[in-house]
Ligand code: NPQ
Ligand code: MG
């Protein structure tokens, strides 16, 4: 097919809550939204890079630069036979995976729409609904944390993940576990610990966590392997896994027993599928992470999470938890911790252009 034009929007949406992690706090979601046009169809990709380089080195600004200068010229005004052909053309661009994923996911949506199939099925997804959990930010008090957990347990979410940082970690986990002895509970450190502070992580072993997510520095697989030998709780890697090669290395080293897949972090669905193959063969369970996505990115997540290797509840909770009004319809909503996988063509949800216009800060069009 021929991609006739691209529209790149910078969008900002207020969040319904303050989200605090070990690396910072946010109250708005700012992101790039890419629309690729071909023969009357629109393919949509949401770039998950944030304003600041704190979760990942990429930002809204760097991704905009990469898209405009290096990535969109690889597709706009050109024939392209498959999303894989974009990956091949973009292979000489190093890193910048979130920027690449914006194009790759938009192409996946476009090709699935052209074929009249859902993106979930085009990727090899088999589930009709996916199990979802929630990721809860660090609250000022243990009591507040327990109340937040209570709310989401009562809504039926299948797993509760607590963001943690050194100092409040053991107290918070202990309080939540005592209030809810039987829930599936995990923690996410976003790389806030070192081997020197790892005794705090070992102190979490008695609480029966399903896993500890990304405890150590994102570039240190060997340290994670070392930590794993002193912990009973499995380690799940998020930031450290940027590619299928990283996944293979981490599994081989014993650095993790669970992997969080984020499409943006790994550069698109193609790389996510390769991680899926490696992890499935190795018996490593996967789940789909989240980046506080609006409707387009959330639908892209639901599609990949419908693959058979995604066996643990992911972070793709209801859109209405995050936003008063989402940019897609129907909104992606979980009931009793189950999110239905859309069956319509492509991502299976429609972009609401009236809502999108209200939250668009700027817009650029690209033609040949
Ligand atoms: C994680 N997400 O798994 C991330 C990190 C994260 C849902 O826990 C703005 C945009 C703020 C994306 C904060 C969840 C963010 C963000 C944290 C992603 O590690
Ligand atoms: Mg994480």
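In this note's numbering, the protein residues as written are 769 to 1136.
For glycine and all other residues, C-beta sits at the position ideal for the given N, C-alpha and C.
query, result
"Quick check on this structure: which residue in 839, 796 and 968 has the alpha carbon closest to the alpha carbon of residue 940?", "968"
"Pick from 1127, 1110 and 1119: whose alpha carbon is nearest that of residue 886?", "1110"
"Sort 824, 880, 867 and 845 by Cα distance to residue 851 and report the nearest one.", "880"
"From the DSSP output, in three-state form, read off residue 1002 for me.", "coil"
"Going straight from the alpha carbon of residue 1079 to that of residue 1054, what length do you get?", "6 Å"
"Give me the DSSP bridge partner(s) of residue 796.", "782"
"Contact check, residue 1072 vs residue 1031 under 8 Å by CB: the rounded distance?", "6 Å"
"When you compare only the Cα positions, how much space is there between residue 974 and residue 1021?", "25 Å"
"Excluding the five sequence neighbours on either side, which residues of its own chain have a C-beta within less than 7 Å of the C-beta of residue 895, listed in chain order?", "1074 and 1109"
"Less than 7 Å between the CB of residue 1206 and some heavy atom of the ligand MG, yes or no?", "Residue 1206 lies beyond the residue range present for the chain, which begins at 769 and ends at 1136; the question has no answer from this structure."
"Along the chain, where does the alpha helix (DSSP H) that runs through residue 1049 open and close?", "1037-1050"
"Spell out the partners DSSP gives residue 950 in its beta bridges.", "DSSP lists no partner for residue 950."
"Using a Cβ-Cβ cutoff of less than 6 Å, which residues in the same chain neighbour residue 938 once the five nearest sequence positions on both sides are dropped?", "971"
"Cβ of residue 1088 within 7 Å of any heavy atom in the ligand NPQ?", "no"
"Can you give me the C-alpha to C-alpha distance between residue 1037 and residue 844, rounded to a whole angstrom?", "20 Å"
"Determine, using beta carbons only, whether residue 1204 and residue 905 come nearer to each other than 8 Å.", "Residue coverage of the chain in this structure runs from 769 to 1136, which leaves residue 1204 outside it and unanswerable."
"Heavy atom of the ligand NPQ less than 7 Å from the Cβ of residue 1080, yes or no?", "no"
"Could you check which residue in 1040, 1026, 875 and 1069 has the C-alpha nearest to that of residue 1052?", "1026"
"So residue 1131 is in the beta strand (DSSP E); what residue range does that whole segment cover?", "1128-1134"
"Taking 7 Å as the cut-off, does the CB of residue 916 come closer than this to any heavy atom belonging to the ligand MG?", "no"
"Rounded to whole angstroms, what is the Cα-Cα separation between residue 818 and residue 826?", "7 Å"
"For residue 1129, which residues of its own chain have a beta-carbon under 6 Å away from its beta-carbon, when the five flanking residues on both sides are left out?", "778 and 780"
"Starting from residue 866, trace the alpha helix (DSSP H) both ways and give me its first and last residue.", "865-883"
"So residue 848 and residue 771 are in contact, right, with Cβ under 8 Å, and what is the actual spacing, rounded?", "6 Å"
"Assuming residue 873 contacts residue 813 under a Cβ cut-off of 8 Å, what Cβ separation, rounded to an integer in Å, is found between them?", "4 Å"
"Could you please give the first and the last residue of the uninterrupted beta strand (DSSP E) stretch that includes residue 1028?", "1026-1029"
"Closer than 7 Å: is that where the CB of residue 981 sits relative to any heavy atom of the ligand MG?", "yes"
"What separation, rounded to the nearest whole angstrom, lies between the Cα atoms of residue 988 and residue 821?", "18 Å"
"Is residue 824 near residue 1033, with beta carbons less than 8 Å apart?", "yes"
"Kindly examine the ligand NPQ and report whether one of its heavy atoms sits closer than 7 Å to the Cβ of residue 930.", "no"
"Look at the alpha carbon of residue 963 and the alpha carbon of residue 1091, and state the distance between them as a whole number of angstroms.", "38 Å"
"Which residue from 908, 774 and 1018 puts its Cα closest to that of residue 993?", "1018"
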